[in-house]
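Q:
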Amino acid sequence: MNSLETVSYRVKNPGDQGIAVISLNRDSKRNAQNNRMTYELNACYDAAARDSSVKVIVLRAEGKHFSAGHDLRDQSDHRDFPQVFPQSGFTGEGQEGMMAHEEEVYFNMCWRWRNIPKPVIAAAQGMTIAGGLMLLWVADIIVAAEDATFSDPVVAFGVNGVEYFGHPWEFGARKAKELLFTGDSFTAQEAMQLGMVNRVVPPADLDASVMAMAATIAKKPGFALKLAKESVNQALEAQGQYTAMRAAFSLQHLGHANNKLRFGMAIDPSGL
344 MNSLETVSYR
354 VKNPGDQGIA
364 VISLNRDSKR
374 NAQNNRMTYE
384 LNACYDAAAR
394 DSSVKVIVLR
404 AEGKHFSAGH
414 DLRDQSDHRD
424 FPQVFPQSGF
434 TGEGQEGMMA
444 HEEEVYFNMC
454 WRWRNIPKPV
464 IAAAQGMTIA
474 GGLMLLWVAD
484 IIVAAEDATF
494 SDPVVAFGVN
504 GVEYFGHPWE
514 FGARKAKELL
524 FTGDSFTAQE
534 AMQLGMVNRV
544 VPPADLDASV
554 MAMAATIAKK
564 PGFALKLAKE
574 SVNQALEAQG
584 QYTAMRAAFS
594 LQHLGHANNK
604 LRFGMAIDPS
614 GL
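Pasting the structure below:
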């Protein structure tokens, strides 16, 4: 893990109660996600999942903000990174190549992280915008600082929302529609009232609060934690979560294709 550039990884208390700490580390870009970050996050989650000394995973961010979403200025080629999932179409023209790319680095990776067989706690401070929400939503528990705000304003870009479309599951149908239609941001306290956030703490206490919670959870039997997590996740899947999110991902790419026909680019420029 020494070659990481956009995230950092460490294990605290290695042993039978280890806590893996993954930190977004692009503070100069407000932790916006480029291709490298998604693949490095995937490598960190893999390392934590396979390390028998790790009981709990913490996802946090350096700097003032958790994440500004996708880095729209990223010029890197995802084909420069080892492919994680077996789908084809990466070199396809038209919408095929873009859809294959985003299926790999956004939808499939997020779903994979959501199913990591260990508890994941996310810590959010400052702004979390659009694609940043996906990184939070894969976590089992979210703790937010009092200064945290959240938004998904990408309907203005001519698409339905972010690729990992968790909105109805996080907020309920009507609130999801309101937040998508308006693009308004909401506070940490509002996020807790909606059920997206578990706890809200003072900014200065965020890291300590999350690590204390992780330490408490790490004392529990690892196999039981895995079974409890799978039980809740499978309850959501029985309600159609995966199918609904896959359908929303396909509709997002209908939006991108429409934008390309109308404006010659994947997003509506009036939303920039």
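Heads up, the sequence shown is in my numbering, so the first residue is 344 and it goes up one at a time.
Idealized CB from N, CA, C, for every residue including glycine.
Keeping to the same chain, check which residues put their C-beta closer than 8 Å to that of Thr-492; ignore five residues upstream and five downstream.
A: To locate residue 492, count along the sequence shown from 1; it is residue 149. Within the same chain, Thr-492 has close Cβ partners Gly-469, Met-470, Thr-471, Ser-528, Phe-529, Thr-530, Ala-531.
Q: Determine the direct distance from the alpha carbon of Ala-567 to that of Met-535, and round the result to whole angstroms.
A: If you number the sequence shown from 1, residue 535 lands on position 192. If you number the sequence shown from 1, residue 567 lands on position 224. Rounded to the nearest angstrom, the two C-alpha atoms are 26 Å apart.
Q: Roughly how many angstroms separate the alpha carbons of Glu-439 and Asp-417, rounded to a whole number?
A: Residue mapping note: residue 439 aligns to position 96 of the sequence shown, counting from 1. Residue mapping note: residue 417 aligns to position 74 of the sequence shown, counting from 1. Taking the straight line from one Cα to the other gives about 19 Å.
Q: Going by DSSP in three states, Lys-520 sits in which element: helix, strand or coil?
A: Sequence index remark: in the sequence shown, residue 520 carries index 177 (1-based). Residue state, collapsed to three classes: helix.
Q: Just to confirm the assignment, what range does the alpha helix (DSSP H) spanning Phe-514 have?
A: Residue numbering aside, residue 514 sits at position 171 when the sequence shown is read from its first letter. Note, Phe-514: alpha helix (DSSP H), 510-514.
Q: Suppose contacts are defined by Cβ-Cβ distances below 9 Å. Is Ile-610 in contact with Val-505 by that definition?
A: Stepping through the sequence shown from its first residue, residue 610 is reached at position 267. Stepping through the sequence shown from its first residue, residue 505 is reached at position 162. Result no, Cβ atoms of Ile-610 and Val-505 do not sit closer than 9 Å.
Q: Check each candidate in Asn-377, Arg-369, Ser-396, Phe-409 and name the one with the smallest Cα separation from Asp-550.
A: Taking the sequence shown and counting its residues from 1, one reaches residue 550 at position 207. It is Phe-409.
Q: With a CB to CB cut of under 7 Å and the five nearest residues on each side skipped, what residues in its chain are close to Ile-485?
A: Here residue 485 corresponds to residue number 142 of the sequence shown, with the count starting at 1. Excluding positions up to five away in sequence, the list reads Ala-465, Ala-467, Leu-479, Met-539, Val-540, Asn-541.
Q: Based on Cα-Cα distance, which residue from Val-354, Lys-355, Glu-383, Pro-357 lies nearest to Leu-367?
A: Here residue 367 corresponds to residue number 24 of the sequence shown, with the count starting at 1. The option with the nearest alpha carbon to Leu-367 is Glu-383.
Q: Within 10 angstroms of its Cβ, does Asp-495 collect 16 or more other Cβ (buried), or is it exposed?
A: Counting from 1 along the sequence shown, the entry for residue 495 is found at position 152. The residue is buried, with at least 16 neighbouring Cβ atoms inside 10 Å.
Q: Would a C-beta distance cut-off of 9 Å place Val-397 and Gly-435 closer than the cut-off?
A: Translated into the one-based positions of the sequence shown, residue 397 becomes position 54. Translated into the one-based positions of the sequence shown, residue 435 becomes position 92. Going by C-beta atoms, Val-397 is not nearer than 9 Å to Gly-435.
Q: Go ahead and label Gln-577 buried or exposed: buried means 16 or more other beta carbons lie within 10 angstroms of its beta carbon, across all protein chains shown.
A: Working through the sequence shown from its first residue, we reach residue 577 at position 234. Gln-577 comes out exposed.
Q: Tell me whether Lys-355 sits in a helix, a strand or coil according to DSSP, three-state version.
A: Here the question's residue 355 lines up with position 12 in the sequence shown. DSSP places Lys-355 in strand when its eight states are reduced to three.
Q: For Glu-447, collect the residues of the same chain with a Cβ closer than 8 Å to its Cβ; drop the 5 residues on either side in sequence, then sort them by chain order.
A: Locating residue 447 in the sequence shown gives position 104, counting from the first residue. The answer, listed in chain order, is His-421, Gln-426, Val-427, Phe-428, Gln-430, Phe-433.
Q: Looking at the unbroken alpha helix (DSSP H) that takes in Val-575, where does it start and where does it end?
A: On the sequence shown, residue 575 is found 232 positions in, with the first residue counted as 1. Looking at the DSSP string, the run of the alpha helix (DSSP H) that includes Val-575 is 565-581.
Q: For Met-470, which residues does DSSP report across the bridge?
A: On the sequence shown, residue 470 is found 127 positions in, with the first residue counted as 1. In the DSSP output, where bridge partners are listed per residue, Met-470 has Thr-492.
Q: Closest by CA to Thr-381, which one among Ser-574, Asp-414, Ala-487?
A: Counted from its first residue, the sequence shown places residue 381 at position 38. The option with the nearest alpha carbon to Thr-381 is Asp-414.
Q: Since His-444 sits in a beta bridge, which residues does DSSP pair it with?
A: Reading the sequence shown from its first residue, position 101 is the one you call residue 444. None, per the DSSP bridge assignment.
Q: So, with DSSP's three-state summary, where would you put Lys-407?
A: In the sequence shown, residue 407 corresponds to position 64, counting from 1. In this structure, Lys-407 counts as coil in the three-state DSSP scheme.
Q: Could you have a look at Arg-542 and say whether DSSP puts it in helix, strand or coil?
A: For the purposes of this step, residue 542 is taken as the residue at position 199 of the sequence shown. Strand.
Q: Would you call the region 573-592 and the region 507-525 touching, i.e. three or more CB-CB distances under 8 Å?
A: In short, these stretches touch, since the Cβ pair count reaches three.
Q: Tell me which residues share the same chain as Arg-373 and place their Cβ nearer than 6 Å to its Cβ, disregarding the 5 neighbours each side in the sequence.
A: Mapped onto the sequence shown, residue 373 falls at position 30. Within the same chain, Arg-373 has close Cβ partners His-408, Ala-411.
Q: Quick one, are the C-beta atoms of Arg-379 and Val-553 less than 9 Å apart?
A: Locating residue 379 in the sequence shown gives position 36, counting from the first residue. Locating residue 553 in the sequence shown gives position 210, counting from the first residue. Cβ atoms of Arg-379 and Val-553: not closer than 9 Å.
Q: Please say whether Val-399 and Ile-365 have beta carbons closer to each other than 9 Å?
A: By one-based count along the sequence shown, residue 365 stands at place 22. By one-based count along the sequence shown, residue 399 stands at place 56. The answer is no: Cβ separation not under 9 Å.
Q: Out of Ile-459, Met-556, Gly-474, point me to the one whose CA is closest to Ala-375's CA.
A: The sequence position of residue 375 within the sequence shown is 32, counting from 1. That would be Gly-474, whose Cα lies nearest to the Cα of Ala-375.
Q: Taking the beta strand (DSSP E) that Val-364 falls in, what are its first and last residues?
A: Residue numbering aside, residue 364 sits at position 21 when the sequence shown is read from its first letter. 361-367 is the span of the beta strand (DSSP E), which, as asked, contains Val-364.
Q: Just to confirm the assignment, what range does the alpha helix (DSSP H) spanning Arg-379 have?
A: The residue you call residue 379 lines up with position 36 of the sequence shown. Run containing Arg-379: 378-393, per the alpha helix (DSSP H) assignment.
Q: Under 6 Å Cβ to Cβ from Pro-462, same chain only, skipping five residues before and after it: list those, please.
A: Counted from its first residue, the sequence shown places residue 462 at position 119. Cβ neighbours of Pro-462 beyond the five flanking positions: Val-399, Asp-483, Ile-560, Leu-568.
Q: Kindly indicate which three-state DSSP category Phe-529 falls into: helix, strand or coil?
A: Position 186 of the sequence shown, counting from 1, holds the residue named residue 529. In this structure, Phe-529 counts as strand in the three-state DSSP scheme.
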